[in-house]
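Notes for the one structure printed next.
Numbering (my numbering), first residue to last: 7 to 444.
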């Protein structure tokens, strides 16, 4: 596989792809939640100072995340756990003032749907989004001629026309960097990998109110909607309410498939606080999904926690085997996408869909977000192309090419960034770019 040649060809066609979509007047539909992120100005020396004040005698290696953060000690223990393991995650917080009293914050968009829409808008691709937190700050950050919302009268409008109906929801985003050192007394713990922790104070997304005009517009214009992204059910904590919402979405997806048989239903996975909630989502929606998408940590959780199926997420062949097991188990129609910091791959049968282009667009938009901290346009993408490929990603591409899976897997390496400026919204930007191949 000549990855470099395929990559340059695909990226050079990005503008033509966007122009063709504009000419054809097609959209990507992106649901379902939005919120206002608060990006913490997180510095490891501030964490070290707080540890000395609140947990002076703690064994940092033994700290564990709280299920619900209520105290400063629980907040610090949760932060340390994710930092010293270099892993990402999401934890609920009951007392946001614990954060705001200790760190300064900057507002940003939050939620798979809106971040994917904003990433696509930077390369000239139109989308229609479903909002939950529709506060003025979210709508202002999302305003673009390429981002549309469904209005009550059946037309599309911009987010600057939205009249807020729902309460605001805040998510606090703590990004930590590889190589920073957590210190307490004479004990030192280098952070092994850059990642992020999301501390969530749920309000509107816990009930996920569905906006009927959004569903109605998609059903009435189904052939203009090339793909329909489903995401964000993980914020619902009530199993009965979740089942109700999923049944509504399932009926809608059946209508969309009936009216646009070529349209793609794309499910973007997430971190779940509750295994029962995850199981309900999987059992209800997966059989109606054309393409499932997740990162390697979500793959590991699903396989090991739900099926006791062991997987080594550092071994690409093990990931492929586990992914194929999930695809068969849930009869996902076309295949499953796995996106990581080193590579993105599709396992399954894409038919005529140029899925490799989607993977390339996805990793490029995600890398731009990582490198520059914002959503990448043409200039940022040109800069991204100057970066070397991830060595591990390139090695995995060769490994797949030499394996029995080579006809079932499409895989591309990412561009290598040792210390990304941003670690939040990368998967959401990837999701946006992926939709351009449909």
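We put the beta carbon where it would ideally sit given N, CA and C, even for glycine.
All figures in this text were calculated on a predicted structure; none of them were measured in a lab.
Distance, Cα to Cα, residue i vs residue j?
i	j	result
residue 150	residue 389	23 Å
residue 184	residue 200	5 Å
residue 445	residue 193	Residue 445 is absent from the model: the chain starts at 7 and stops at 444.
residue 360	residue 66	47 Å
residue 210	residue 171	10 Å
residue 74	residue 161	41 Å
residue 7	residue 217	Because the pLDDT of residue 7 is 48, which lies under 50, any placement of that residue in the model is unreliable, and the number read from its coordinates should be weighed accordingly. Spanning the two alpha carbons is a distance of roughly 44 Å.
residue 285	residue 240	11 Å
residue 2	residue 112	As displayed, the chain neither begins before 7 nor continues past 444, which places residue 2 out of reach and without an answer.
residue 173	residue 263	32 Å
residue 79	residue 279	21 Å
residue 276	residue 260	23 Å
residue 439	residue 52	36 Å
residue 138	residue 179	19 Å
residue 87	residue 40	27 Å
residue 116	residue 43	5 Å
residue 143	residue 314	43 Å
residue 332	residue 129	33 Å
residue 146	residue 324	43 Å
Around the C-beta of residue i, are 16 or more other C-beta atoms found within 10 angstroms, so that it is buried, or is it exposed?
i	result
residue 345	buried
residue 353	buried
residue 68	exposed
residue 105	buried
residue 281	exposed
residue 77	exposed
residue 407	exposed
residue 191	exposed
residue 247	exposed
Assuming residue i and residue j are in contact, meaning their beta carbons sit under 8 Å apart, how far apart are those beta carbons, in whole angstroms?
i	j	result
residue 133	residue 34	4 Å
residue 302	residue 319	4 Å
residue 442	residue 364	6 Å
residue 373	residue 430	About 14 Å; that fails the 8 Å criterion.
Please state the DSSP three-state secondary structure of residue i.
i	result
residue 261	helix
residue 7	With a pLDDT of only 48 at residue 7, under the threshold of 50, the placement of this residue in the model should not be trusted; the figure read from the coordinates follows. Correct three-state label for residue 7: coil.
residue 104	helix
residue 116	strand
residue 68	helix
residue 54	helix
residue 34	strand
residue 231	strand
residue 332	helix
residue 215	coil
Between residue i and the ligand NAP, is there a pair consisting of the residue's CB and a ligand heavy atom that are separated by less than 8 Å?
i	result
residue 384	No copy of the ligand NAP occurs in the structure displayed, which carries no ligand at all.
Examine chain D for any beta-carbon lying closer than 9 Å to the beta-carbon of residue i, and answer yes or no.
i	result
residue 18	In the structure shown, chain D cannot be found, because there is only a single protein chain.
- Item | Inside the region 124-207 only - beta strand (DSSP E) runs reaching at least 3 residues | 133-135, 153-156, 176-182, 187-190, 193-196 and 201-207
- Item | Start-end ranges of the beta strand (DSSP E) lying completely within the region 370-415, minimum 3 residues | none
- Query: Which parts of the region 235-317 are runs of the alpha helix (DSSP H), unbroken and 4 residues or longer, counting only runs that do not cross its ends?
  - Reply: Within the region 235-317, the complete alpha helix (DSSP H) runs of at least 4 residues are 245-265, 281-291 and 302-307.
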